[in-house]
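Heads up, the thing below is written out as structure tokens.
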Amino acid sequence: MSAETQPPRSRLRRSVPRRRLIDYPRRGRQGLRRWLPSRKLLLGGFSTAVVALLALFAAVYAYVDIPSENAAARQEANVYYWADGTQMVSVGAVNRQNVPLSRIPVSVRNAAIAAENARFYEDSGVSLSGLARAVANMARGQETQGGSTITQQYVKNTYLSQEQTLSRKVQEFCIALKLDSRTTKDDILQGYLNTSWFGRGAYGIQAASDAYYGIGAEQLNPSQGAFMAALLKGGNDYDPALGAGHRERVRERWSWILDRQVELGMMSADERARYTVFPAPRAQSKSTNLSGQTGYLVDIAKRYVKKRTNLTDADLDRGGYRIHTTFDRAAVRQLDRSVREVLERHIDPKRRAADRHVQVGAASVRPDDGAIVAVYGGSDATTHFTNNADTSGVPAGSVFKPFVLAAALQHGAVAGDGAVRPVSTESAFDESGRLTTGLPPVRQDGTFVSPLAGTPGTLTLRRAMAGGFSAPFERLGSATGLSRVEDMAVGAGMLRSSMAPRTREFPLGTSSPSAIRVAGSYATFASDGVRHEPYSVTRVLRGTNPSPASHGPRRGGS
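Counting in the numbering used here, the sequence shown tops out at residue 683, every number present.
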């Protein structure tokens with residue numbers, strides 16, 4: 126070919142096909158093969174997607190930080206205990222009492238780990254398969270719930286809401302990773318066992334132990350611990366009290382958890398063989414029940430704590446306090462029965478209109494130290510809201526007369542001749558109203574008679590006290606001195622603020638001390654004149670150590 130016939134170089138370059146960065150649709154292929162991506166293209170696309178996802182995750186991970194605990198996770202109940210240390214009631218919007226891991230038996234911890242996250246102490250706090258399952262579920266339009274580690278469940282309980290969305294699942298994943306790197310595994314396990322829901326309104330292992338077995342978490346045995354671990358999968362699905370299906374389901378899971386511990390080396394086969402009988406929990410009961418006398422007992426203990434410490438209602442409402450009281454469960458029940466028997470025997474509101482508004486307040490105080498062991502505050506704290514045992518305003522009546530007599534025995538009384546005479550329980554008033562220290566020789570038809578008795582015989586102060594007569598004590602109070610009578614009552618334990626004006630009727634009980642104060646004052650007589658202030662709380666604890674609220678029995682009144 127001659128030089129004249131050769132095409133220009135520039136024209137040759139323009140005719141060469143330009144190389145593409147992505148060969149798609151595929152050049153040089155025909156039909157369907159033109160539209161099928163090559164392996165190289167697939168690998169490149171997958172790598173690009175992975176890098177993009179990793180970059181996105183890195184950005185999200187850097188952006189998401191560990192938030193503050195949510196309010197519900199911080200909230201605990203206040204727990205009140207009987208004098209013997211058993212739980213009386215849990216009071217609060219959230220039935221939870223946090224306990225340190227040291228108070229949770231190792232067997233209970235192992236059961237939870239075996240049931241929920243066998244590699245808990247080795248993993249990084251997250252489950253990639255759980256996250257992948259959540260993404261797959263979302264793609265199918267289902268809930269994102271999937272298998273989560275104990276750390277992830279703790280994050281969900283403590284830092285996030287319970288909603289099931291992909292964004293919350295990613296948050297949970299990132300926070301769990303960071304938490305695992307900044308917190309010890311024991312702290313995470315402790316938090317998990319204190320925040321998990323076990324059914325029966327109980328949050329945390331301590332509240333759940335009481336709800337199901339009536340004991341503290343530290344008393345759970347390995348068999349009971351396996352049952353508690355089964356509840357972590359869903360209290361409403363595994364509570365045997367909710368039906369036969371639930372009983373069968375929880376028995377199977379309980380047995381599997383024990384076998385799983387053997388498989389993981391947490392329990393020996395010999396020990397497993399000891400637990401063949403399912404540890405059936407007690408019947409379902411509300412642990413926050415304030416009915417009957419319980420509400421009154423809590424009211425008295427709460428008042429005492431606020432009076433003797435710097436704790437306010439707001440402090441107590443935050444919860445977390447363990448309040449140990451002086452109340453004796455058997456004594457409270459006995460006092461309740463006694464009051465009801467008296468009411469049934471003597472009060473008939475259907476026949477007598479005057480009986481329709483009768484109310485009773487009663488208390489029992491230990492003479493040795495002033496501990497309040499029992500009260501009767503009313504028929505039911507959930508329907509009768511006033512605590513009759515710890516409320517002033519009702520005249521004491523005849524229960525005040527012993528203080529009139531005590532004042533007279535101590536100081537003597539002005540006799541009819543104007544002289545101060547010593548008084549004994551055998552002293553009496555003659556028919557002219559004069560005090561005598563012996564039997565008055567007043568005869569009528571050969572019989573000793575007192576115009577104050579209404580029956581033959583002499584009305585001594587002892588008989589007047591036993592018979593409930595008022596006139597002798599009205600006279601005795603005046604003869605002794607009303608100020609001395611008041612000082613005697615206050616010295617025995619009544620509050621000065623509850624004393625009535627010193628009128629003529631003052632010795633007959635116009636003052637209005639509470640039933641607890643009256644019982645405490647009578648206890649002074651029983652302890653040979655040694656007075657002890659009534660008290661209802663022995664210890665107030667918060668967390669693992671006693672709070673400043675802890676104090677002894679003699680440091681305050683009710």
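Beta carbons are placed, not taken as given, at the ideal position from N, Cα and C, and that holds for glycine.
Over the uninterrupted alpha helix (DSSP H) stretch that includes residue i, give me the two end residues.
| i | result |
| --- | --- |
| R470 | 454 to 471 |
| V375 | 369 to 388 |
| V280 | 275 to 283 |
| V490 | Note, V490: premise wrong, no alpha helix (DSSP H); beta strand (DSSP E) at 487 to 490. |
| N361 | 360 to 363 |
| A398 | 394 to 398 |
Just verifying my parser: in three-state terms, what is the DSSP assignment at residue i?
| i | result |
| --- | --- |
| G324 | strand |
| N435 | coil |
| H449 | strand |
| S517 | coil |
| Y246 | coil |
| S412 | Reliability of the predicted coordinates at S412 is poor, the pLDDT of 47 falling under 50, and the value obtained from them is presented with this limitation in mind. The answer is coil: DSSP assigns S412 none of H, G, I, E or B. |
| I340 | coil |
| G677 | Confidence is the limiting factor: at G677 the pLDDT is only 47, short of 50, which leaves the residue's position unreliable and the question unanswerable from this model. |
| V500 | strand |
| R667 | strand |
| D708 | The structure shown does not extend to residue 708, since the chain spans only 126 to 683, so no value can be given for it. |
| Y421 | helix |
| D480 | helix |
| G495 | coil |
| L356 | helix |
| V251 | coil |
| V430 | helix |
| S652 | coil |
| V610 | helix |
| D440 | helix |
| V615 | helix |
| E599 | helix |
| D335 | helix |
| N512 | coil |
So the candidates are the options; which of them puts its Cα closest to the Cα of residue i?
| i | options | result |
| --- | --- | --- |
| R609 | A538, Q278, V500 | A538 |
| D453 | D438, G444, R462, V500 | V500 |
| L367 | Q484, M590, Q409 | Q409 |
| N235 | Q296, V280, F352, S549 | F352 |
| L584 | V615, S549, T605, F525 | S549 |
| Y337 | D384, N361, Y317, G592 | N361 |
| Q535 | G654, Y205, I238 | G654 |
| D312 | Y246, R458, A589, E611 | Y246 |
| F403 | D248, Y429, P347, R385 | P347 |
| G339 | P406, L318, T274, K358 | P406 |
| K358 | M392, Q331, L318 | L318 |
| A589 | L345, V529, I425, D612 | V529 |
| D424 | F650, G634, A644, V216 | V216 |
| A218 | S552, N414, S306, T635 | N414 |
| S603 | R476, Q459, A648, A540 | A540 |
| V375 | A354, M391, M392, R385 | A354 |
| N223 | D209, S306, A333, P547 | A333 |
| T401 | T419, R443, S380 | S380 |
Going by DSSP, which residues form a beta bridge with residue i?
| i | result |
| --- | --- |
| S215 | V204 |
| A538 | R546 |
| V662 | T450 |
| N220 | A327 |
If I measure Cβ to Cβ from residue i and keep anything under 8 Å in the same chain, skipping five residues before and after, which residues do I get?
| i | result |
| --- | --- |
| A394 | V387 |
| T437 | K431 |
| V280 | E297, I300, A301, L304 |
| Y206 | Q212, M213, R447, I448, H449, T450 |
| A469 | Rather than Ala, the amino acid found at residue 469 in this sequence is Glu. Taken in chain order, the list of residues that qualify is empty. |
Span of the beta strand (DSSP E) holding residue i?
| i | result |
| --- | --- |
| I229 | Taken as a continuous stretch (DSSP letters only), I229 belongs to no beta strand (DSSP E), as it is neither H nor E. |
| S636 | Premise fails: S636 is in no beta strand (DSSP E) and is neither H nor E. |
If I measure Cβ to Cβ from residue i and keep anything under 6 Å in the same chain, skipping five residues before and after, which residues do I get?
| i | result |
| --- | --- |
| E630 | none |
| M619 | P638, R642, S646 |
| G445 | E201, R667 |
| R621 | V615 |
| Q315 | L226 |
| L698 | The structure shown has nothing for residue 698, since the chain only spans 126 to 683. |
| Y188 | Annotation note: pLDDT 47 at Y188 (below 50); position unreliable, coordinate value reported separately. Excluding residues within five positions, none has a Cβ falling inside 6 Å. |
| G503 | H509, N513 |
Can you find the residues in the same chain that come closer than 7 Å, C-beta to C-beta, to residue i, ignoring five residues on each side of it along the sequence?
| i | result |
| --- | --- |
| R228 | A342, E343 |
| L686 | Outside the modelled stretch of the chain, which goes from 126 to 683, sits residue 686, for which no answer is possible. |
| S416 | D505, A506, T507 |
| D480 | I472, D473, P474 |
| A369 | none |
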